[in-house]
Amino acid sequence: MSVNFALALALGDDALIAAQRLAEWSTRAPEMEEDIALSNIALDQLGAARLLLSYAGELEGAGRDEDALAYLRDDREFRNCLLVELPNGDFAVTMAKLLVLAAYQVPLYTALAGCPDERLAAVGAKARKESAYHLDHAALWVKRLGDGTEESHRRMQAGVDQIWPYADELFAAWPDAPVDPATLRPDFDDTVTAVLAEATLTVPEVGWTPAGGRDGVHTEHLSYLLAEMQVLHRAHPGARW
Amino acid sequence: MSRAREAVAAVVDPEIRVVTIDDLGILRSVLEDPATGRVVVTITPTYTGCPAMDVIRADIRRALAAAGHPDAEVRTVHSPAWSTDWISDVGRAKLAAAGIAPPAPVRRDGVVPLTLTVRCPRCGSPETEQLSRFGSTACKALWRCRSCSEPFDQVKAL
Numbered sequence: 001m002s003v004n005f006a007l008a009l010a011l012g013d014d015a016l017i018a019a020q021r022l023a024e025w026s027t028r029a030p031e032m033e034e035d036i037a038l039s040n041i042a043l044d045q046l047g048a049a050r051l052l053l054s055y056a057g058e059l060e061g062a063g064r065d066e067d068a069l070a071y072l073r074d075d076r077e078f079r080n081c082l083l084v085e086l087p088n089g090d091f092a093v094t095m096a097k098l099l100v101l102a103a104y105q106v107p108l109y110t111a112l113a114g115c116p117d118e119r120l121a122a123v124g125a126k127a128r129k130e131s132a133y134h135l136d137h138a139a140l141w142v143k144r145l146g147d148g149t150e151e152s153h154r155r156m157q158a159g160v161d162q163i164w165p166y167a168d169e170l171f172a173a174w175p176d177a178p179v180d181p182a183t184l185r186p187d188f189d190d191t192v193t194a195v196l197a198e199a200t201l202t203v204p205e206v207g208w209t210p211a212g213g214r215d216g217v218h219t220e221h222l223s224y225l226l227a228e229m230q231v232l233h234r235a236h237p238g239a240r241w
Numbered sequence: 242m243s244r245a246r247e248a249v250a251a252v253v254d255p256e257i258r259v260v261t262i263d264d265l266g267i268l269r270s271v272l273e274d275p276a277t278g279r280v281v282v283t284i285t286p287t288y289t290g291c292p293a294m295d296v297i298r299a300d301i302r303r304a305l306a307a308a309g310h311p312d313a314e315v316r317t318v319h320s321p322a323w324s325t326d327w328i329s330d331v332g333r334a335k336l337a338a339a340g341i342a343p344p345a346p347v348r349r350d351g352v353v354p355l356t357l358t359v360r361c362p363r364c365g366s367p368e369t370e371q372l373s374r375f376g377s378t379a380c381k382a383l384w385r386c387r388s389c390s391e392p393f394d395q396v397k398a399l
């Protein structure tokens with residue numbers, strides 16, 4: 001299997017699972033503007049997922065389209081990082097997750113835009129502009145909550161502490177890929193460190209760093225997410241509106 | 242302009258019905274094979290997840306069928322990525338007339354610039370504030386005018 005296929009699948013799965021998780025906030029966000037914002041960000045992620053998974057299906061050449069890849073694989077066949085499958089938690093946990101994801105996706109898509117694979121480059125050029133908005137949005141909230149009240153500060157720090165171990169997996173070396181995620185780490189560190197400093201939050205110590213998502217070894221949370229996401233398609237294969 | 246091009250250029254955006262897909266820069270090209278008369282239309286989405294794309298494709302096919310091209314093909318391209326700089330002056334004027342603030346120009350290095358002021362499309366006042374960076378569609382943000390108190394949409398610079 002080509003490395004371009006593997007990368008398109010991994011990044012497509014990141015975007016798809018992030019979209020599904022973010023969409024859980026629809027009708028449940030703390031205010032209407034936030035509801036619309038998180039749903040919009042979910043839609044952007046879904047858009048990127050569709051392009052990446054469609055392309056992965058073409059590269060694989062086994063006749064699987066975006067729907068087959070999204071709805072007819074089991075958890076062990078998904079290649080998303082663990083970060084995106086984690087439960088939403090409270091709003092601060094979601095914002096910590098979004099900050100880490102966007103601070104990774106912005107340099108990732110920017111690098112992808114310059115890679116030799118034209119299709120991946122087109123996705124990168126398009127998605128990086130959308131990710132820049134996601135990063136701004138998450139950074140605004142992390143600063144507002146971190147530098148807010150005692151309670152909001154406490155919960156924002158707890159959110160960052162909870163999410164932080166999962167950031168490492170995003171930058172695992174992949175030297176033969178069109179973009180090696182390891183090269184994105186300095187950019188990510190600069191962005192996140194600056195946001196956390198302005199938010200009066202502490203960068204957590206790096207200790208335990210779970211991984212395995214890229215090899216199909218996931219947390220139990222992914223199975224529940226997939227059950228909900230896939231049930232309709234599996235119960236009614238080929239159903240159309 | 243060919244009849245096919247004219248028919249496609251008149252298709253309105255399903256979510257912002259005051260502007261056409263041509264005004265917005267979604268329409269990239271309309272090519273007609275002189276020998277066979279077969280028409281190939283190329284479009285590009287504003288946002289990757291834009292849910293209006295299927296409707297736009299269907300509307301294009303319907304417009305072309307009415308113009309005598311029932312077997313037209315609609316292709317979607319993602320490169321070069323759509324930019325709000327592709328919205329025509331006519332399109333910007335139509336948006337403003339409908340109470341939607343047009344986007345500010347985008348810096349060429351791809352960085353989304355800080356918008357210093359957005360004028361209220363109703364009263365023209367520069368005393369406005371952003372309520373939400375995300376609005377009723379993927380391409381818009383929500384603002385409010387502090388002078389006339391009206392909320393309004395703004396097409397986000399992209």
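So the sequences go chain by chain: S and B.
Reading the first sequence from the start, the letters are residues 1 to 241 in our numbering.
Reading the second sequence from the start, the letters are residues 242 to 399 in our numbering.
Even glycine gets a Cβ: it sits at the ideal position worked out from N, Cα and C.
Inside the segment 337 to 398 of chain B, DSSP marks whole beta strand (DSSP E) runs of 3 or more residues at positions 369 to 373, 381 to 386 and 392 to 396, from first to last along the chain.
Using a Cβ distance threshold of 7 Å, Asp147/S and Thr200/S count as a contacting pair.
Taking 8 Å as the Cβ-Cβ cut-off, the segment 44 to 63 of chain S approaches chain B at Asp44, Gln45, Leu46, Gly47, Ala48, Arg50 and Leu51, given in chain order. From the beta-carbon of Leu399/B, the residues of chain S found nearer than 7 Å are Lys129. Annotation: the continuous beta strand (DSSP E) that includes Arg269/B extends over Leu268 to Glu273.
Residue Leu46/S holds the alpha-carbon nearest to the alpha-carbon of Arg21/S among Ala6/S, Ala68/S, Leu46/S and Ala132/S. Counting only Cβ-Cβ distances below 9 Å, Ala379/B has contacts in chain S at Asn40, Leu43, Asp44, Gly47 and Glu130, in chain order. For Thr289/B, at least one C-beta of chain S is nearer than 7 Å to its own C-beta. Shown here for Leu383/B: same chain residues with a beta carbon closer than 7 Å to its own, the five before and five after excluded, namely Leu372, Ser373, Gly376, Pro392 and Asp394 in chain order.
Contacts with chain B at 7 Å (Cβ-Cβ) do not include Ala70/S.
Inclusion of Glu247/B and Thr378/B in the CB contact set at 7 Å is not warranted, their separation being larger than that value. Annotation for Arg316/B: the continuous beta strand (DSSP E) segment containing it runs Glu314 to Thr317. Distance between Glu368/B and Lys397/B, taken at the CA atoms: about 18 Å.
Within 7 Å of the CB of Glu33/S, the CB atoms of chain B belong to Leu372, Ser373 and Leu383, in sequence order along the chain. Residues of the same chain with a CB within less than 6 Å of the CB of Val281/B, apart from the 5 flanking positions on each side, are Leu272 and Glu314 in chain order.
Scanning its chain for C-beta atoms nearer than 7 Å, with the 5 sequence neighbours on each side dropped, one finds around Val249/B the residues Leu268, Val271, Val282, Ile301, Ala304 and Leu305, in chain order. Listed in chain order, the non-local C-beta contacts of Phe5/S below 8 Å within the same chain comprise Ala56, Leu59 and Glu60, local neighbours out to five positions each way being set aside.
Following the DSSP letters along the chain, one finds Ile163/S inside the alpha helix (DSSP H) bounded by residues Glu150 to Ile163. For Glu33/S, the closest C-alpha among the options Pro344/B, Lys381/B, Cys389/B and Pro343/B is that of Lys381/B. When Arg28/S, Asp44/S, Ala49/S and Pro107/S are compared, the shortest CA-CA separation from Leu69/S is found for Ala49/S.
For Leu222/S, the closest alpha carbon among the candidates Leu82/S, Trp25/S and Gly63/S is that of Leu82/S. Look at Ala322/B: its C-beta is under 7 Å from a C-beta on chain S. Between Glu220/S and the set Asn80/S, Gly63/S, Ala132/S and Asp75/S, the nearest pair of CA atoms involves Asp75/S.
Residue state for Ile328/B is assigned as coil, using DSSP reduced to three classes. Between Ala177/S and Leu9/S, the beta carbon gap of about 11 Å keeps them out of contact (Cβ cut-off 8 Å). For Val282/B, the secondary structure class from DSSP, reduced to helix, strand or coil, is strand. When Cβ pairs closer than 8 Å are counted between the two stretches, the segment 124 to 142 of chain S is seen to touch the segment 89 to 109 of chain S, the count reaching three or more. Between the beta-carbon of Arg214/S and that of Tyr71/S there is about 21 Å, and that puts the pair past the 8 Å contact cut. Out of Arg79/S, Ala122/S and Val93/S, the CA that lies nearest to the CA of His319/B is found in Ala122/S. Taking the Cα positions, Cys364/B is about 46 Å away from Leu184/S.
Within the same chain, Pro107 come within 6 Å of Asp187/S by CB-CB distance, once the 5 residues on both sides are set aside. Here the C-alpha atom of Ala337/B lies approximately 51 Å from the C-alpha atom of Glu205/S.
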